Amino acid sequence: MPIKYASTAAAPLRYAALAQGVAGLVVAGCMVWLAPSSPVSALLLALLHGLCAALVAAVLRLPRWWWLISFLFAPLAVLALGLGWPPWAWLFGFVVLLLVFWRTDASRVPLYMSNASTAQRLAKLLPATPCRLIDLGCGDGRLLRQLARTRADCQFVGLEHAPLTWAWAWLWGLRLPNLYIGYGSFWEHSLADYDVVYAFLSPVPMTRLWDKACAEVKPGALLVSNSFAVFGITPALQVQVDDSRETCLHVYKLAGNPVHTFTSCR
Ligand SMILES: C[S@@+](CC[C@H](N)C(=O)[O-])C[C@H]1O[C@@H](n2cnc3c(N)ncnc32)[C@H](O)[C@@H]1O
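In terms of the numbering used here, the sequence shown opens at residue 1346 and continues consecutively.
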């Protein structure tokens, strides 16, 4: 049975915009109806706007953090205007954030990096013979650079869809002959050529990723997911990384004889 991924949670931006629009109409309606003789403070209006927007967000069943975002948006905009910064500074900040985080609202995968201890541990999971590894959503590429230096006999590929993050990873990876950083969505990329597929995403896309990996990877390939397990699937191995955030690597062996004895993280 095909899995349905669309919901208000999957496309929250348009519903959040709808909440802001409805709140704007309500506040404007109140202003006309009450026709206040004395001027009302902009912050008070913004708070009323935020309250309405949060209520609409709740009615639309947006995830709870969107209730808070909907509430805070107008009051923070009013307070920010009070700072007196030039309009281009806000535009610049917006564009930089967009280029780094891209469509996190749709992908539901934020930007955070695998640390050096995780890269070291991952290197130990690679086959002893030359292999190919792909990092799905490679961020700034630091994990791949560390791996490419450690295993010069292997090929490393990273895919990233956030333009500025990709540009950074691509630029710093140019010196390494066994590293390729591509631009685009990993959902459009076949996993057939890889021995190891590495992902550090979020709980949201894991079932979809599992379906893709099962359909595409070659027998015996590994899917290694940093922190996020695939719901309902027992990994072949769980590796505890010796770091402060107690990173757990969930290792799935796809379409092959299981070679690992199951071990689990703390
Ligand atoms: C949590 S970060 C992990 C970064 C890197 N893999 C690491 O372990 O250090 C997830 C990255 O995946 C990227 N991403 C999310 N969805 C993507 C997609 N469909 N295609 C390509 N990149 C994606 C995000 O932009 C983000 O940089």
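For each residue, glycine too, the CB sits at the ideal point set by N, CA and C.
Quick caveat, the model's predicted, so the values are computed rather than measured.
What is the rounded straight-line gap between the Cα of Phe1576 and the Cα of Asp1587? 24 Å
Tell me Asn1571's beta-bridge partners as DSSP assigns them. Leu1594
Bridge partners - Arg1520, DSSP secondary structure assignment: The partner list for Arg1520 (beta bridge, DSSP) is empty, contrary to what the question assumes.
Which residue marks the beginning of the alpha helix (DSSP H) containing Ala1361, and which one marks its end? Pro1357 to Leu1379
What does the Cβ neighbour count give for Val1542, buried or exposed, with the cut at 16 atoms within 10 Å? buried
Which residues does DSSP list as the beta-bridge partners of Asp1682? Absent from the model: residue 1682. The displayed extent of the chain is 1346 to 1611, so no value can be given.
Just to confirm, does Phe1501 get its C-beta within under 7 Å of one of the non-hydrogen atoms of ligand 1? no
Cys1483 Cβ short of 7 Å to ligand 1 heavy atom set: yes
To which residues of the same chain is Phe1545 closer than 6 Å at the C-beta, ignoring the five residues directly before and after it? Ser1459 and Asn1571
Could you check whether the Cβ of Leu1488 sits closer than 7 Å to any heavy atom belonging to ligand 1? yes
Report all residues from its chain with a CB closer than 7 Å to the CB of Ala1368; omit the five preceding and five following residues, and keep chain order. His1394, Cys1397, Ala1398 and Val1401
Decide if Gly1484 is buried, meaning its Cβ has at least 16 other Cβ atoms within 10 Å, or exposed. buried
Report the option in Phe1531, Ala1493 and Glu1505 whose CA atom is closest to the CA atom of Leu1523. Checking the sequence shown, residue 1523 turns out to be Asn, not Leu. Measuring from the Cα of Asn1523, the nearest candidate turns out to be Ala1493.
So, do the segment 1440-1448 and the segment 1498-1516 have three or more beta carbon pairs nearer to each other than 8 Å? yes
Go through its chain and collect everything with a Cβ distance to Val1562's Cβ below 8 Å, but skip five positions before and after it. Leu1536, Ala1537, Tyr1539, Val1542, Leu1568, Leu1599 and Ala1600
What separation, rounded to the nearest whole angstrom, lies between the Cα atoms of Lys1349 and Cys1375? Confidence is the limiting factor: at Lys1349 the pLDDT is only 43, short of 50, which leaves the residue's position unreliable and the question unanswerable from this model.
Taking 7 Å as the cut-off, is the C-beta of Pro1455 nearer than that to any heavy atom in ligand 1? yes
If you run the structure through DSSP and keep just helix, strand and coil, what is Leu1467? helix
State whether the segment 1427-1435 contacts the segment 1495-1506, with contact taken as three or more CB pairs (one from each stretch) at a distance under 8 Å. no
Using a Cβ-Cβ cutoff of less than 7 Å, which residues in the same chain neighbour His1534 once the five nearest sequence positions on both sides are dropped? Leu1504
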